[in-house]
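Participant: Counting the sequence shown from 1 gives a position; this note's numbering is that position plus 613. Right, I'll just put the structure down here and ask away after.
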Amino acid sequence: MRPVVLELGAGCEVAAAVAAFARRRRVGVSVLCGRGTVAAVTLRLPTSPPAAVKLHGRFEVLSLSGTVLPSAAGEGAAPPPPFSVSLAGAGGQVIGGTLAGEMTTADGLVVVAATFGSAEVHRLPADEDDEATGSRGGEERRHPQQQPPQTVAATSAVDVGLLGYGGGVGVAGGASGGQVGRHQQQQQQAEMVLWAQSPGSVGQAHPATSRY
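Given below as structure tokens:
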């Protein structure tokens with residue numbers, strides 16, 4: 614938000630001037646306070662039932678607040694913003710209400726306001742389903758679902774044997790990889806015994822049991 618000070622001259626219609634400023638700048642305006650005098654004002658009094666009165670004379674502005682939204686600022690013929698006004702008369706009487714029409718300055722008026730570019734509109738209370746959906750969405754973003762570990766299956770009995778021989782456990786065709794590996798190990802040991810007993814094995818080294 615950006616603070617601004619609007620100086621209105623004599624005979625200026627306050628609500629229309631603020632709305633025109635917001636429309637030209639394409640911003641929203643939030644009026645914080647105002648100081649000065651007005652000569653004519655139409656107020657809706659907080660009575661039951663509500664009644665609108667038009668005051669003529671010289672009144673000191675005690676408080677002034679209201680907001681012009683950016684969407685309303687772009688409209689051509691929009692109703693006056695619902696400003697809240699408190700005034701003091703010449704005799705000390707105080708009257709206040711919601712602006713229901715014109716409010717014309719007497720000698721001038723200084724308005725302190727803040728401008729903003731956009732505004733989010735939230736309807737309260739929020740729907741429980743929407744809150745639950747938003748809560749679940751936040752939990753999923755904070756704790757993403759972990760993918761289950763993938764099991765690598767051997768593509769042949771040789772692969773299963775290698776897994777079993779190395780101490781790993783694999784499953785292929787419903788058989789235990791460790792059992793297949795032990796069977797292959799026993800078969801290799803038997804082949805080594807036969808090779809050692811063979812006459813032609815003297816001076817030859819087995820590739821798997823080389824000694825230097």
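Glycine included, each C-beta is placed from N, C-alpha and C at the ideal position.
(1) Assign T660 to buried or exposed, taking buried as 16 or more other Cβ atoms, counted over all protein chains shown, within 10 Å of its Cβ.
(2) Is it true that the CB of V631 sits closer than 8 angstroms to the CB of V651?
(3) Taking only three categories from DSSP, how would you classify V734?
(4) Mapping DSSP to helix, strand and coil, what is R671?
(5) For R615, which residues of its own chain have a beta-carbon under 7 angstroms away from its beta-carbon, when the five flanking residues on both sides are left out?
(6) Suppose you measure from the CA of H669 to the CA of L700; what does that come to, to the nearest Å?
(7) Quick one: what does DSSP say V707 is sitting in, helix, strand or coil?
(8) Does the Cβ of A690 have 16 or more other Cβ atoms within 10 Å, making it buried, or fewer, making it exposed?
(9) Between V725 and V640, what straight-line distance do the alpha-carbon atoms span, to the nearest angstrom?
Facilitator: Walking through what the data contain:
(1) exposed
(2) no
(3) coil
(4) strand
(5) A727 and T728
(6) 12 angstroms
(7) strand
(8) With a pLDDT of only 49 at A690, under the threshold of 50, the placement of this residue in the model should not be trusted; the figure read from the coordinates follows. By the 10 Å Cβ count, A690 comes out exposed.
(9) 15 angstroms
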